[in-house]
Structure formats: structure tokens, C-alpha cells
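Peer 1: Got a structure for you, questions after.
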Amino acid sequence: MSELLSQSDLPMTTPVAFVHGQPMTEMPHDLFIPPDALEVALESFQGPLDLLLYLIRRHNLDPLDIPMAQLTQQYIGYIEAMQQHRMELAAEYLLMAAVLIEIKSRMLLPRPPKQGEEESDEDPRVELMRRLLEYEQMKLAAQKLNELPQVGRDFELVQVLIERTVVERLPNVTVEDLRTAWLALLARARVHASHKVRREELSVREQMTKVLRRLRDADFVPFEELFEVEEGIPTMVVTFMAILELAKETLIEITQTESLGNIYVRTCRAITAE
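Those letters in the sequence shown? Residues 57 to 330, by my numbering.
So this is what it looks like as C-alpha cells:
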């Protein structure tokens, strides 16, 4: 087909232009429109592949055997029509036009085989046909997804506000719960309880006097009887030191009748009296 793409080739349901926001399905011939009020619409196509697919389906072309001369002429005619309407085309549209011209040229001009290679029978349209078929499949899948019911477009979600009064329910407390809480408080009190260590004033000289007084009325006194266990360990330690100090000053004598036998203590005055 040698004719350029005309306005009748565009989808009839899509406006070709908007004048002050009003859609127009065909271009007026005798109506003056201010240049700034005219906006050409290209919402019908989502890119160069979409335009190529539309041209192929519009003119009943075979996607597996594309007549490149006819398709290229239709595509370039569409671009020229858009440029006449002062529309700025995206770069991918111009790039696709260059690709179509290249494929058309490769089909018209035979390519001489390179040295050492056989003549290639690869069709230069293969890559373009593959891209068109993939795009058509994705477009059909997108249309099927769009036909599914959508919230806000086909139906609305029903929302019902139910006012509920929330009554706060206190937990049931048993006697065992109170007992457990009380024991926990006691355990915490023991952990934080403080213990004050008091210093007990003990005198070795005073204990030496007590030991001598105890030995004064007896000849031999068992070593164990010189200690008062109920007075506590500190007093017993001081008493033991007092006995050692008395022995050092030779005021008392410490004897033992046999090995591992009982230990006795007596004063040196008793020894002198003998």
C-alpha cells in the first residue's frame, strides 16, 4: 500500500485532538483553532511496537511474513502526520523508523558473504517479528488482567462500622495468688536487707586477768574449761591469745600427761609452792 497513513487509519474511538479540553474525533476543515489551543493525542499507542502491531492488524498483514516496504511506508507516514500537527515524538519512535528502513534496505540489497563463510540465509525481519509477537502476548495478557474485577472500578468493598463498648474485666485473684505475691515481697526484702557489722571491743589484757583468776583456785585446769563457747568466736580467739601471752611471760605452764592426751594449764605460782 503506497498511501500514507491517513486520519481514518487511527482508532475511531480515540480522539485525534483536544481543543480546550474537548475531544475531537476528526480534524475540522473550516474552523479556525488557535495554535496554542490544539493538542494532538497519542494515547492510542504505548510505544513504537504498539504502533507497528496496530498497522499490521489494521491492514491484515502477516506478522510472520511482514511486507517491509508497505509497513515502513505506513509507519513513516504516521510519523510525518504527527509532526505536521506539531507533536513532539519520543526518541523510540524515530529509532524504530530507522530500524525499519535498515531492514528494508537489507532485504533490497544482497549482502555478499564474507571470506571463508557461507552465505547467510537469516531473514533480517526475524528479530522484529519476535519482538512483535512477544509484545502482542504481553498486551493480551495485560488486557485479560484489566478485565478482572477491580476494587474501586467495578465494585466497592462494603465496610460496616460496628460500635462496641469494651468493658474492662479485672482478673480473678485467689488466695494462692496473694500468698505467692507476699512470699515474693519477703524474698525481695531479704535481698535488700542490710546487715550492720558491729565492732566488739575485746582486750587481751582483760582476758589474761580472767584466765589467771580462773587458775588461782585450782592446781590443774583443763585447757577447754578456759574458754566460754557461748560468748562467741571472737572472745574465744582473744582468750587463746591471752593464754599464749601468759605462757610467753612464764606466768602459766601448759602440760600434757601423754601423747594426744588432755592438755592442762596451771600457774607458775603453784609450781613454786611445790
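Every residue gets a Cβ at the ideal spot worked out from N, C-alpha and C, and that includes glycine.
Our contact map puts VAL267 next to LEU282 with C-beta atoms below 8 Å; I'd like the distance itself, whole angstroms only.
Peer 2: Residue 267 sits at position 211 when you count from the first residue of the sequence shown. Residue 282 sits at position 226 when you count from the first residue of the sequence shown. Indeed they touch by this definition, with Cβ atoms about 6 Å apart.
Peer 1: For PRO79, which of helix, strand or coil comes out of DSSP?
Peer 2: Locating residue 79 in the sequence shown gives position 23, counting from the first residue. Correct three-state label for PRO79: strand.
Peer 1: Is the number of C-beta pairs between the region 179-188 and the region 120-132 that are closer than 8 Å three or more?
Peer 2: Contact holds: three or more Cβ-Cβ distances are below 8 Å.
Peer 1: Give me whichever residues DSSP pairs with GLN263 in a beta bridge.
Peer 2: As a first step, residue 263 must be located in the sequence shown, where it is residue number 207. DSSP, once it has assigned bridges, lists no residue as partnering GLN263.
Peer 1: Which same chain residues end up closer than 6 Å to GLN312 when comparing Cβ atoms and leaving out the 5 residues on each side of it in sequence?
Peer 2: As a first step, residue 312 must be located in the sequence shown, where it is residue number 256. Excluding positions up to five away in sequence, the list reads ILE319.
Peer 1: What would DSSP say about ILE122, mapped onto helix, strand or coil?
Peer 2: Your numbering for residue 122 matches position 66 in the sequence shown. ILE122 falls in the coil class under three-state DSSP.
Peer 1: Determine the contact status of THR323 and ILE308, defining contact as a CB-CB distance below 7 Å.
Peer 2: The residue given as residue 323 occupies position 267 in the sequence shown. The residue given as residue 308 occupies position 252 in the sequence shown. Cβ distance < 7 Å, so THR323 and ILE308 count as in contact.
Peer 1: Bridge partners of ILE310, per DSSP?
Peer 2: Counted from its first residue, the sequence shown places residue 310 at position 254. For ILE310, which the question treats as bridged, DSSP gives the partners VAL321.
Peer 1: At a cut-off of 6 Å, is MET152 close to the ligand MN when judged by its beta-carbon and the heavy atoms of the ligand?
Peer 2: Summarising the ligand content, the structure contains no ligands, and the ligand MN is consequently not present.
Peer 1: Pick out whichever of GLU286, ARG270 and GLU287 has its Cα sitting closest to the Cα of PHE279.
Peer 2: Against the sequence shown, residue 279 aligns to sequence position 223. Nearest of GLU286, ARG270 and GLU287 to PHE279, Cα basis: ARG270.
Peer 1: For GLN215, tell me which candidate among THR221, VAL222 and VAL207 has the shortest Cα-Cα distance.
Peer 2: Translated into positions along the sequence shown, residue 215 becomes position 159. GLN215 has its Cα closest to that of VAL207, out of THR221, VAL222 and VAL207.
Peer 1: Decide if PRO79 is buried, meaning its Cβ has at least 16 other Cβ atoms within 10 Å, or exposed.
Peer 2: The residue given as residue 79 occupies position 23 in the sequence shown. Looking at its Cβ environment, which holds fewer than 16 other Cβ atoms inside 10 Å, PRO79 is exposed.
Peer 1: Per DSSP, what are the beta-bridge partners of VAL277 in this structure?
Peer 2: Walking along the sequence shown from the start, residue 277 turns up at place 221. BP columns for VAL277 point to VAL321.
Peer 1: What would DSSP say about VAL207, mapped onto helix, strand or coil?
Peer 2: As a working note, residue 207 is residue 151 in the sequence shown. Residue state, collapsed to three classes: strand.
Peer 1: For my contact list, LEU156 and TYR131 are in at a C-beta cut-off of 8 Å; report their separation, rounded to the angstrom.
Peer 2: One-based indexing of the sequence shown puts residue 156 at position 100. One-based indexing of the sequence shown puts residue 131 at position 75. Right, the Cβ-Cβ distance comes to about 6 Å (below 8 Å), so this counts as a contact.
Peer 1: So, GLU148 versus PRO104, is the Cβ gap smaller than 7 Å?
Peer 2: By 1-based counting over the sequence shown, the position of residue 148 is 92. By 1-based counting over the sequence shown, the position of residue 104 is 48. Yes, they are a contact pair.
Peer 1: Helix, strand or coil for LEU242 per DSSP?
Peer 2: Locating residue 242 in the sequence shown gives position 186, counting from the first residue. DSSP places LEU242 in helix when its eight states are reduced to three.
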